[in-house]
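First comes the structure, then the notes that go with it.
Residue numbers (our numbering): 1412 to 1804.
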């Protein structure tokens, strides 16, 4: 039954009929989801130009296509590479593309967890909503700079600039920054540089009362190297927080924890990465002591390489830049498709990553390669949702 007949069948006053009509619209799958139709036969097929316009718009703008994009799609021209690339460049330059920074950073870097995870008020009395928002803004502005300046995505590892206001600069120990407005500052790479040393990332990868090399190491494995560890075994004992910084450090307690063979395998991968970030407390402030004990930020990787501190850790990560490029490619492809990757997506990820590396790792190349890919322009009938529905952002 169409909407007109539904309203007419219910009768009632004008207000009651409007209520029925609005209820029907709001409950319609066409309102709640982006609908992609499967053909009568065939497993894989190229999506229509209007469906491609919708995928592209929700990817870059987190919103519906504008009139220009729809007009090109309705003329059947959007699938042409030169037209598609021109639209991508236009859309990235549009202010609406700033939604990519907020939404993708929230998903990839887990900065959306800032709303739920916060340092303990007694242990960190300086932390408040204003500082939290400044942390998030720094990360989003840094990401946006990489986008608009078409910088290398390797800047996410060790970029030598960031954005701060007075509140955040005070946390970082940066002098001569005043006011609530954010400004770009140059970094020397010693204490800050790239996303790993930004307060937003360091806060969401800590406990409320203390740092956690385990969580931070796991964060690096998942979001930088895309090699997440398996789930921990049941009934793993917690560390004794009361003794941390007094008679023992987090590092010393974790060394005892790793003496358990069941735990040693995963912790040998996670803990050294997290130890490299131990100079930052649970809200991202630089420190040289953990309570009354000196911080030991050295690490030994499973392959025998050693490092000390965040700067050397970032150097090692950048030396294996291919791993990060593939990890970033997969994270961005997941965001673009609105679904997890499947086994048949692996060749696509490799192809995109190779193209990105061959073109200087520029951010624009990541977007272009994803949009050009079969995964973005085609639909696999058996593994994508059988109804052809994709949730709107």
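We put the CB at the ideal spot given by N, CA and C, even for glycine.
- Annotated three-state conformation of residue 1705 is strand, per DSSP.
- Within the DSSP bridge table, the entry for residue 1573 names 1596 as partners.
- Straight across, the Cα-Cα distance linking residue 1759 with residue 1786 is about 7 Å.
- Cβ contact annotation for residue 1561 (same chain, cutoff 6 Å, sequence separation greater than five): 1773, 1774, 1775, in chain order.
- Taking the Cβ atoms as the reference, residue 1708 lies roughly 5 Å from residue 1720, within the contact range of under 8 Å.
- The C-beta separation of residue 1606 from residue 1567 comes to about 5 Å, placing the pair in contact by the 8 Å criterion.
- Rounded to the nearest whole angstrom, the CA to CA distance from residue 1519 to residue 1710 is 25 Å.
- Here the C-alpha atom of residue 1739 lies approximately 20 Å from the C-alpha atom of residue 1468.
- Here residue 1486 is exposed: its Cβ has fewer than 16 other Cβ atoms, across all protein chains shown, within 10 Å.
- The beta carbon of residue 1551 lies closer than 6 Å to those of 1512, 1513, 1516 in the same chain, with the five residues before and after it left out.
- Looking at the backbone, the Cα of residue 1585 and that of residue 1613 are separated by about 18 Å.
- In the DSSP assignment, residue 1754 forms no beta bridge with any residue.
- Bounds of any alpha helix (DSSP H) do not take in residue 1773, whose DSSP letter is neither H nor E.
- Beta-bridge partners of residue 1562 (DSSP): none assigned.
- Our two residues, residue 1462 and residue 1490, have alpha carbons roughly 11 Å apart in a direct line.
- Scanning 1763, 1727, 1623 for the CA closest to the CA of residue 1716 turns up 1727.
- Under DSSP, residue 1690 shares a beta bridge with no residue.
- Listed as beta-bridge partners of residue 1718 by DSSP are 1710.
- Annotation for residue 1430: no beta strand (DSSP E) segment contains it, though the alpha helix (DSSP H) segment containing it runs 1425 to 1438.
- Linking residue 1679 to residue 1732 through their CA atoms gives a straight-line distance of about 21 Å.
- Shortest Cα-Cα distance from residue 1569 to any of 1688, 1457, 1722, 1634 involves 1722.
- Relative to residue 1499, the option among 1791, 1439, 1781 whose CA is nearest is 1781.
- Listed in chain order, the non-local C-beta contacts of residue 1734 below 6 Å within the same chain comprise 1636, local neighbours out to five positions each way being set aside.
- The C-alpha of residue 1456 is placed about 36 Å away from the C-alpha of residue 1522.
- Within the DSSP bridge table, the entry for residue 1791 names 1455 as partners.
- By the CB criterion at 8 Å, residue 1628 and residue 1725 fall outside the cutoff.
- Residue 1686 sits close to residue 1624, with the two beta carbons spaced by under 8 Å.
- Taken in chain order, the complete alpha helix (DSSP H) segments of 4 or more residues contained in the region 1445 to 1524 are 1460 to 1471, 1478 to 1485, 1492 to 1504, 1509 to 1519.
- Taking 8 Å as the upper bound for CB-CB distance, residue 1626 and residue 1616 are in contact here, some 5 Å apart.
- In the three-state reduction of the DSSP assignment, residue 1634 falls in the helix class, which pools H, G and I.
- Residue 1578 sits close to residue 1545, with the two beta carbons spaced by under 8 Å.
- For residue 1610, the uninterrupted alpha helix (DSSP H) segment begins and ends at 1610 to 1615.
- Counting other Cβ atoms within 10 Å of its Cβ, residue 1558 reaches 16 or more and is therefore classed as buried.
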